[in-house]
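See structure below.
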Amino acid sequence: MSMTVLTVDDSRTMREMLRLALADAGFRVVQAEDGIHGLEVLQAEPEMPQVIVTDINMPRMDGFGFIEEVRGDQRYRAIPILVLTTESDAEKKNRARMAGATGWIVKPFNPVKLVDAIRRVAA
Amino acid sequence: MNQIISQNGQNQAGGMKELISFRIGAQEFCVDIMAIREIRGWTAATALPQSPSFVKGVINLRGAVLPIVDLASRLGFESTEASDRNVIIVAQIGEQVVGLLVDAVSDILTVTDDVIQPTPDVASETAKSFIRGLIAMDGRMISLIGLDRVLPDMELEAA
Amino acid sequence: MDPLAAIRETFFQECEEQLAELESGLLAMEGGDQDPETINAVFRAVHSIKGGAGAFSLEALIRFAHVFETALDEMRSGRLAPSNDVLKSMLRAADVLADLVRAAHAGDEAEHPGAATLAEELRTMSGAAGAEDESEEDWGDFEFQPMAVAVEGAEAPAAAPAGFKVAFKPRADLYAKANEAALLLRELTRLGHAEVELDAHDVPPLNEIDPEAAYLSWTVTLTGDADETSIREVFEFVDGDCELEVTPLGGSAESEGGEPAFDLSSLLARVQGDAPAEAAPEAPVEAFEPVAPPPPAPVVAPVVAAAPPPAAPPAAANETAAEGQAAGGPRKTEAGATIRVDLDRVDRLIDLVGELVINQAVLAQRVMEAGLARASAVAMGLDELEQLTREIQDSVMAIRAQPVKSVFQRMPRLVREVAAMTGKPVRLVTEGEGTEVDKTVIERLADPLTHMIRNAIDHGLENPEKRAAAGKPAEGVVKLSAAHRSGRIVIEVSDDGGGINRERVKGIAIEKGLISAEATLSDEEIDNLIFMPGFSTAAEVSDISGRGVGMDVVRRSIQALGGRITISSRPGKGSTFTMSLPLTLAVLDGMVVSVNNQTLVAPITAIVETLQPKAEDVHSLGGHARVISIRGGFVPLIDVGMALGYRNEPLPATQGVALLIEGEGGARAALLCDAIQGQRQVVIKSLEANYRQVPGVAAATILGDGRVALILDIDTIVTVSRGDMRKAG
Chain A
18 MSMTVLTVDD
28 SRTMREMLRL
38 ALADAGFRVV
48 QAEDGIHGLE
58 VLQAEPEMPQ
68 VIVTDINMPR
78 MDGFGFIEEV
88 RGDQRYRAIP
98 ILVLTTESDA
108 EKKNRARMAG
118 ATGWIVKPFN
128 PVKLVDAIRR
138 VAA
Chain B
311 MNQIISQNGQ
321 NQAGGMKELI
331 SFRIGAQEFC
341 VDIMAIREIR
351 GWTAATALPQ
361 SPSFVKGVIN
371 LRGAVLPIVD
381 LASRLGFEST
391 EASDRNVIIV
401 AQIGEQVVGL
411 LVDAVSDILT
421 VTDDVIQPTP
431 DVASETAKSF
441 IRGLIAMDGR
451 MISLIGLDRV
461 LPDMELEAA
Chain C
468 MDPLAAIRET
478 FFQECEEQLA
488 ELESGLLAME
498 GGDQDPETIN
508 AVFRAVHSIK
518 GGAGAFSLEA
528 LIRFAHVFET
538 ALDEMRSGRL
548 APSNDVLKSM
558 LRAADVLADL
568 VRAAHAGDEA
578 EHPGAATLAE
588 ELRTMSGAAG
598 AEDESEEDWG
608 DFEFQPMAVA
618 VEGAEAPAAA
628 PAGFKVAFKP
638 RADLYAKANE
648 AALLLRELTR
658 LGHAEVELDA
668 HDVPPLNEID
678 PEAAYLSWTV
688 TLTGDADETS
698 IREVFEFVDG
708 DCELEVTPLG
718 GSAESEGGEP
728 AFDLSSLLAR
738 VQGDAPAEAA
748 PEAPVEAFEP
758 VAPPPPAPVV
768 APVVAAAPPP
778 AAPPAAANET
788 AAEGQAAGGP
798 RKTEAGATIR
808 VDLDRVDRLI
818 DLVGELVINQ
828 AVLAQRVMEA
838 GLARASAVAM
848 GLDELEQLTR
858 EIQDSVMAIR
868 AQPVKSVFQR
878 MPRLVREVAA
888 MTGKPVRLVT
898 EGEGTEVDKT
908 VIERLADPLT
918 HMIRNAIDHG
928 LENPEKRAAA
938 GKPAEGVVKL
948 SAAHRSGRIV
958 IEVSDDGGGI
968 NRERVKGIAI
978 EKGLISAEAT
988 LSDEEIDNLI
998 FMPGFSTAAE
1008 VSDISGRGVG
1018 MDVVRRSIQA
1028 LGGRITISSR
1038 PGKGSTFTMS
1048 LPLTLAVLDG
1058 MVVSVNNQTL
1068 VAPITAIVET
1078 LQPKAEDVHS
1088 LGGHARVISI
1098 RGGFVPLIDV
1108 GMALGYRNEP
1118 LPATQGVALL
1128 IEGEGGARAA
1138 LLCDAIQGQR
1148 QVVIKSLEAN
1158 YRQVPGVAAA
1168 TILGDGRVAL
1178 ILDIDTIVTV
1188 SRGDMRKAG
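Read top to bottom, the protein sequences are chains A, B and C.
Be aware that the first sequence starts at 18, since it is given in this note's numbering, and climbs by one per residue.
Be aware that the second sequence starts at 311, since it is given in this note's numbering, and climbs by one per residue.
Be aware that the third sequence starts at 468, since it is given in this note's numbering, and climbs by one per residue.
This is the structure:
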């Protein structure tokens, strides 16, 4: 039973990069294009993702909003969330943490580190 | 089975042998019980490429990969269409463990060495290479098989 | 083309969409559109292009997109007014960005004539708006990020202490963010030998327990080679959400952590009685008198049981503590105490655990087939069993593990020898010598490592004159490091030399016919050309690293261990070879396929991609020989069923799925199978143990249905299929 990871990113390139790295590591990947889509996928997905990886800058609902929604929902609040952020952006990292992010992944991500980070937060 | 084997250990010291006999078609054969690890039902085997026809494939025996030798085919008879009625005798041959596909296990015999008669010259070469001797018992003739040549020989087959 | 190259194409497609979005957004703003979502969309377009460019190290593009993004961010935050002049510049910047995207797509590295001026213009805008310019160094790190694999603790553990005491007290915030103390402790215990002490002092009486609060804290005594940096790294995500103290063992005085941590009976008393906890003067406590004053003992809990979730009912916490006390008591394991065990016994245990894993998988499959809900008690119990089984497997595998020290130790001498032969002063820095990996993997690492270190000195480092000219110290540095990452061991060999001369490498590859002269390759692709068979040139072969072996041989030996190797290089700064290897040879990541009703497993490391053959791409060469055209090149199409003698007539290519694989020596071939079932980690079982080698079959495994599946020996299938494999049999 492989672990399911929900990736939320508006960039197709990033979604594909994430899928490649995660599928390589044996994870099942479900994708969403922005925060709202992410919440829809959470609701529709029969297998609750064990980890969420989300971008911050997204249309409709950004990463901060998405994290707050997830943390505010009894059903999902225990799911670890990793945000994708650039190294230089300490402010975003902090805002994401305030919103309830479990951890972060520095973009452009190294697949090994990505998987490592996921394994670190996933039960 | 454990009990029998441990008894057998003592018996053998006194020149006695315990053998397990089984049927292939109408014929009866036996092997030294010391080589037998267990007897189990047939399960479908995974076919092995590049293998002689008497190797039915491999099965999972509690995590070990076990080759199954169709003993009928190996001895030069028609090959067995295995079904649930068949039995696999799991035997230790040297360092390896092998499953022997036979029709049924019939008996456990206790014999002394002197009842084992030499194989007559009339037997075919194939038969002679496996049969170590003959035992006459209750009007039956049982061939004692040596297991050391049951598996395909590496060099021979590679040629 | 590997999957990454396919994503690269996706990226350029997406860039075009984003460029269109960018342009239309800027035009709308010029036309008076003041919707904040418009500027957000414009910003996101540039941000996404930068992000993707970063992933593919397209440096010119990253630089420009970054400057552009900064200016847009100023505008977005209202610090830069979207005046007509500003928008005009932005539109010109959008054009330059489009040019740069197209140039990057074409692999054209020529300077863009307008980029520098426009970048300056954008910078001035942002600067004028009061944005602090990001430092160049910071940015430089960012670019290098995609390839860099972090190496723990840069300082050499010369006189490292024997270990650390880690005091860890989570705050409620930690749990609120879905971090788990148990996982952090698990991670920590992987760094060395760990003893975990639970402190439940702060657990209040039952009626006062707040399910959202954090009451427990832990003290971990960690012995082994881990340094402080790697310990702190474990807690990176929870920095600020916990109290953390890392103190070297045997250093300063024992702090509170060493004191009796937990007095069960007093806790019980507090939970059950109303009496104040400390004073406990009279009546209600009396009932507990007989048990009240046992010598307080530190709770040494096994890691698995170390962390009841904070919201767990206190009963569970008590249970855990009680268990810990019963089982652990004041037991202190002597650090470094060992026993000698016959290797056969260990291997038998590994076998048994392998069986357990398979059995567990069989059971899981049966439960699934029985149609039980995922949330049913059985399925949940099974999930726990799976977790436990995996942990047992890891622990058992760890028994066979040894530190890489034994092979690292051989390298200093090699370095001295090669340094003497090349006349280059070299310093070898090693890190992570204590990192453990399966004994067999270690034994088979020596050759590739030797070759890579020779290579790093001979080809990587410049001679002292060149180094002096480049302003580098005369002494070159070669670094050898090992670390655990995601259940694999990552070994890096890096040098601080000149980096890969990409022009020359590309030239050689073209000259050798390895790539076409028109090929557009990313820097990364060019760097990786050195792994191609036949790349090492006569001019290249020197006494030291030549010997007729190229990096392709290194790559092959790494692949044979189920590993991967990549190189990253920065011109003028040096190169890093990164090897990622499985911790054990007992398991393998496999692609499960069906061929003629047989289930087979192909090692994932050999598979480049999977594809659905189209009729027009498949060409017959007479007989059963076929080739398939993949992006303009022809690759032999091998019918696995035929190759293994499972069938006599080839499968029509369009009815199957092809695995594009890269076999020994880099030769590519497409293996035609009936269908792909999925990816899975499988336990490797020897066929030779009870049978013999079978051509085309590397080993066997046991799948979830309890049946044996064969693991393909891809190299043999490819090599032998050139003749007819079945004739050989």
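Glycine residues also receive a C-beta, built at the ideal position from the N, C-alpha and C atoms.
For clarity, every value in this text was computed on a predicted model and none was experimentally measured.
- Between the segment 897 to 911 of chain C and the segment 1038 to 1053 of chain C there are three or more C-beta pairs closer than 8 Å, enough to call the two in contact.
- The beta-carbon of residue 638/C is placed no less than 9 Å from the nearest beta-carbon of chain A.
- The Cβ of residue 818/C sits closer than 9 Å to at least one Cβ of chain B.
- Rounded to whole angstroms, the separation of the alpha carbons of residue 926/C and residue 1081/C is 44 Å.
- The beta carbon of residue 908/C sits closer than 7 Å to those of 1028, 1048 and 1052, all from its chain and outside the five residues before and after it, given in chain order.
- Membership of residue 1166/C in the beta strand (DSSP E) is indicated by the continuous run 1164 to 1169.
- Under DSSP, the beta-bridge partners assigned to residue 868/C are 905/C.
- Taking 8 Å as the upper bound on Cβ-Cβ separation, chain C lies near residues 114, 117, 118, 119, 120 and 121 of the segment 111 to 122 of chain A.
- Per DSSP, residue 819/C is one residue of the alpha helix (DSSP H) stretching across 810 to 836.
- By the Cβ-count criterion, residue 127/A is buried, with 16 or more other Cβ atoms from all chains shown falling within 10 Å of its own Cβ.
- Residue 822/C belongs to the set of residues whose beta carbon lies under 9 Å from a beta carbon in chain B.
- The beta-carbon distance between residue 462/B and residue 1113/C, rounded to whole angstroms, is 19 Å. This is too long to meet the 8 Å contact definition.
- When Cβ-Cβ separations below 9 Å define contact, residue 1173/C makes contact with chain B.
- Between the segment 1149 to 1159 of chain C and the segment 342 to 349 of chain B there are fewer than three C-beta pairs closer than 8 Å, too few to call the two in contact.
- Taking C-beta atoms under 8 Å as the contact rule, residue 485/C and residue 527/C fail to qualify, at a distance of about 17 Å.
- Residue range 931 to 936 is occupied by the alpha helix (DSSP H) that includes residue 931/C.
- Taking the beta carbon of residue 369/B as reference, the chain C residues within 7 Å of it are 1175, listed in sequence order.
- Within the same chain, Cβ atoms closer than 6 Å to the Cβ of residue 1054/C are found at 1148 and 1150, the five residues on either side in sequence being excluded.
- Neighbours of residue 137/A in chain C, taken as residues at a C-beta separation under 7 Å, are given in chain order as 650 and 654.
- Contact between the segment 392 to 411 of chain B and the segment 332 to 341 of chain B is established, with three or more Cβ pairs separated by less than 8 Å.
- The beta carbon of residue 139/A sits closer than 7 Å to the beta carbons of 20, 67, 68 and 97 from its chain, once the five residues preceding and following it are set aside; these are given in chain order.
- The beta carbon of residue 460/B does not come within 9 Å of any beta carbon belonging to chain C, so the residue lies off that interface.
- Here the alpha carbon of residue 131/A sits roughly 24 Å from the alpha carbon of residue 532/C.
- Residues of chain A whose Cβ lies closer than 7 Å to the Cβ of residue 477/C are, in chain order, 29, 30 and 33.
- With contacts defined as CB atoms closer than 9 Å, residue 544/C and residue 588/C fail to qualify as a contacting pair.
- The DSSP-derived three-state label of residue 1040/C is coil.
- With fewer than 16 other Cβ atoms inside 10 Å of its own Cβ, residue 1086/C counts as exposed.
- Any Cβ of chain A closer than 9 Å to the Cβ of residue 839/C would place that residue at the interface, and such an atom is absent.
- Taking C-beta atoms as the reference points, residue 429/B and residue 450/B fail to come closer than 9 Å.
- Taking 9 Å as the threshold, the shortest C-beta distance from residue 124/A to chain C falls below it.
- The three-state secondary structure of residue 342/B, taken from DSSP, is strand.
- An exposed status is given to residue 458/B, since fewer than 16 other beta-carbon atoms sit within 10 Å of its beta-carbon.
- For residue 1026/C, the closest C-alpha among the options 487/C, 1181/C and 1171/C is that of 1181/C.
- Taking 9 Å as the CB threshold, residue 1136/C stays off the interface with chain B.
- Residue 987/C: not part of any beta strand (DSSP E); DSSP gives it neither H nor E.
- In the three-state DSSP reduction, residue 678/C falls in the coil class, being neither helix nor strand.
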